[in-house]
Amino acid sequence: MERHFYIIATPIGNLDDMTYRAVNVLKDVDTILCEDTRVTQRLLDHYTIATPTQSYHAQSSKHKENTIIQRIASGTTFALVSDAGTPTISDPGVKLIARIRSELPEVTLIPIPGASALVTALCTTGFSGNQFTFYGFLPHKKGRSKIFDTIEVAEHVAVFYESPHRLMKTLAELSKRLGGDRTIGVARELTKIYEEIVINTAENVHQYFLDNPDHVRGEFVILVNTTSS
31 MERHFYIIAT PIGNLDDMTY RAVNVLKDVD TILCEDTRVT QRLLDHYTIA TPTQSYHAQS
91 SKHKENTIIQ RIASGTTFAL VSDAGTPTIS DPGVKLIARI RSELPEVTLI PIPGASALVT
151 ALCTTGFSGN QFTFYGFLPH KKGRSKIFDT IEVAEHVAVF YESPHRLMKT LAELSKRLGG
211 DRTIGVAREL TKIYEEIVIN TAENVHQYFL DNPDHVRGEF VILVNTTSS
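For the sequence shown, the working numbering assigns the number 31 to the initial residue and increments by one for each residue that follows.
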């Protein structure tokens, strides 16, 4: 019997961004693996999906992961979702997918595409070039300065996520390194009520958020244009 494991993208904010196919698959599978079952339950309630959920996240034990692998092997059909966006992209689900590929090669992995914050932000910038580097969330300390060194001289767009707690420190660093010579973008709360996309020089974007501290809230995508623009 052919077995499937589904990797399903969910909205990054606006629940109406869910695809018909994703809704139908979530209704049909046996169990939905979630980062936070409470977050996913709001989405499921919105679409009247009654499928049972189970937590799976970065802190999940090896025992839980082993149990999931055993259930897949015995025929249970799972869907994997993250709290928002596409699973495995800067997301702990990548560990489970790697194990399924290694230990259960007979299981077909099926991606259900949808929202991704990095692509959603990038398409609004007008930054040119066919290449970009995605850094996920930057490290807090070790390796952080080296990444900024790379971004400073990069000839392609850099994209990364940032938390509100470190946003101003990051913008100050970019302003110091890039000043008024390079354009950056900050996309905040994409697809949500307070969505905002600020495109300007690194210096001006930093000043904007200094002048508007009430906007230092939510989830952020930062994009740095190329040296050649």
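Virtual Cβ for every residue (Gly too), placed ideally from N, Cα, C.
Practice item. Quick one: give me the first and last residue of the beta strand (DSSP E) that Leu253 is part of. Key: In this chain, the beta strand (DSSP E) harbouring Leu253 covers Phe250 to Val254.
**Study point:** Proximity winner among Ile177, Val251, Ser104 and Val183, relative to Val189 (alpha-carbon distances)
**Key:** For Val189, the nearest C-alpha among the options comes from Val251.
Point to revise | Proximity of Thr78 and Thr70 at Cβ, strictly below 7 Å | key: The answer is no: Cβ separation not under 7 Å.
**Study point:** Cβ-based neighbour list, Ala103, same chain, cut-off 7 Å, excluding 5 preceding and 5 following
**Key:** Cβ neighbours of Ala103 within its own chain (closer than 7 Å, five residues either side excluded): Leu134.
Practice item. Only counting runs of 3 or more residues, tell me where the beta strand (DSSP E) segments fall wholly within the segment 168-235, in order along the chain. Key: With a minimum length of 3 residues, the continuous beta strand (DSSP E) runs that stay inside the segment 168-235 are 187-192, 213-218 and 226-231.
Review point. Would Val246 count as contacting chain B if we go by Cβ distances under 7 Å?
Key: Absent from the structure: chain B. Only one protein chain is present.
Check your understanding: Got a sec? Which residues, its chain only, sit under 8 Å from Glu95 by beta carbon, not counting five neighbours each side?
Key -> Correct list, in chain order: Tyr86, Lys125, Leu126 and Arg129.
Check your understanding: Which residues in the same chain as Gly210 place their Cβ atom closer than 8 Å to its Cβ, once the five residues preceding and following it in sequence are excluded?
Key -> For Gly210, where only same-chain residues beyond five positions count, the Cβ hits under 8 Å are Thr231, Ala232, Glu233 and Asn234.
Practice item. Rounded to whole angstroms, what's the CA-CA distance from Ala52 to Gly144? Just pull it up for me. Key: Approximately 9 Å between the Cα atoms of the pair.
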